[in-house]
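Please read the structure below before turning to the comments.
Numbering (the numbering used here), first residue to last: 6 to 403.
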């Protein structure tokens, strides 16, 4: 059984859960996917079959109603677990562990969990400021540039009731993660953070794309479609402040006159879109900055295959979006925050930049001027390899 409390948007964690579900089913296992909130876009334009069952809801607005709804959902999940009686439960986050901890009280059910991303990345997760994490808060915050850039050192002002609820939930989450039989993370940074926060070791496993991407042949000429005669820099992101697309635009402005054959293409939608459009106009570079909006899942690989350089300025230590173009043998610029493991450290297609305007400008220029023709093996990061390792650690391998 796979459990994710919220499947509200089409992101990396959601994709990984669906890839696991599909792979486990193909392996002959009975698979159930349960959630409290389901948005149809999570199926990535129907790329995945509708194999998810919603067993709760998350529509409450006030703190009191959210508490009532949370415990109602816990009861519904507990009942569903009794019916399914799964041999293995796999959660997708620390928050899910808190839910499972309550839903399985006085039972022998245990679970494994993913903890994909840092608690510090989610601004709405105020448990990072809880007393149980006070001793390690500054240590973790100081360990990553993005943590310090986007997360304040002091907690926001909260009313006493909300503060108490956060402290209680942080404790439940702590014991929920501690009860996990196995914790899977995507980087050594996250392994270290899990150890700091929950005093428990995690296993680092990485997966980013299906095996078929390695030999993908593009079906659409995106440059021709966009009327681009020269070279193309591509960024595909949710347009969110934490993605640092503004840093990319300012970096492009600093090399704009020196590389008049280059166009910057930005794909995606999000709350930062209007500001980014205005920034390109303010810098007077809009003639060679194209905002193309939402890119359909079915055509994403064609966009990646058409670019000369893919740029990923995000605050992240691991990202599917940055590894997919590497699988297509594209040059990729990313932040020093991204983890360079033994395989990636030898990849000549990677250009590392400090997460600043000057840092990215220099790395983009270097990537544009570099003639990298070597084919580099990226098969270690396929979903097939990843899911088989998950099966092994869960004791499901035949």
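Ideal Cβ placement from N, Cα and C applies to all residues, glycine included.
In terms of DSSP beta bridges, what is residue i paired with?
i           : result
residue 58  : 39
residue 75  : BP columns for residue 75 are empty, so no partner.
residue 214 : 387
residue 237 : 268
residue 181 : According to DSSP, residue 181 bridges with nothing at all.
residue 362 : The partner list for residue 362 (beta bridge, DSSP) is empty, contrary to what the question assumes.
residue 205 : Residue 205 is not bridged to any residue.
residue 17  : Residue 17 is not bridged to any residue.
residue 12  : 43
residue 317 : 339
Within 10 angstroms of its Cβ, does residue i collect 16 or more other Cβ (buried), or is it exposed?
i           : result
residue 194 : buried
residue 97  : buried
residue 8   : buried
residue 169 : exposed
residue 345 : exposed
residue 58  : exposed
residue 318 : buried
residue 62  : exposed
residue 258 : buried
residue 342 : buried
residue 255 : buried
By DSSP, does residue i sit in helix, in strand, or in coil?
i           : result
residue 339 : strand
residue 248 : helix
residue 195 : helix
residue 115 : coil
residue 243 : coil
residue 34  : coil
residue 378 : coil
residue 96  : strand
residue 189 : strand
residue 47  : helix
residue 87  : helix
residue 7   : strand
residue 149 : coil
residue 138 : helix
residue 296 : strand
residue 354 : coil
residue 396 : helix
residue 256 : helix
residue 324 : coil
residue 127 : coil
residue 346 : coil
residue 301 : coil
residue 166 : helix
Quick one, are the C-beta atoms of residue i and residue j less than 9 angstroms apart?
i           : j           : result
residue 337 : residue 315 : yes
residue 183 : residue 204 : yes
residue 223 : residue 246 : no
residue 333 : residue 309 : yes
residue 151 : residue 340 : yes
residue 20  : residue 325 : yes
residue 154 : residue 388 : no
residue 191 : residue 210 : yes
residue 107 : residue 171 : no
residue 270 : residue 225 : no
residue 75  : residue 104 : yes
residue 335 : residue 313 : yes
residue 36  : residue 42  : no
residue 45  : residue 391 : no
residue 219 : residue 350 : no
residue 6   : residue 79  : no
residue 250 : residue 244 : yes
So which of the options has the shortest CA-CA distance to residue i?
i           : options            : result
residue 186 : 105, 118, 58, 265  : 118
residue 273 : 202, 7, 15         : 15
residue 138 : 160, 323, 149      : 160
residue 375 : 383, 396, 353      : 353
residue 81  : 53, 322, 40, 146   : 40
residue 60  : 52, 83, 49         : 83
residue 264 : 210, 366, 74, 386  : 366
residue 266 : 370, 53, 282, 359  : 370
residue 394 : 53, 104, 189, 167  : 189
residue 305 : 392, 111, 49, 364  : 49
residue 129 : 79, 202, 163, 382  : 163
residue 234 : 268, 260, 251, 383 : 268
residue 202 : 120, 158, 282      : 120
residue 157 : 165, 167, 145, 166 : 145
residue 221 : 357, 379, 228, 329 : 329
Within 9 angstroms of any Cβ in chain C, is that where the Cβ of residue i sits?
i           : result
residue 206 : Protein chain content of the structure displayed is limited to a single chain, and chain C is not contained in it.
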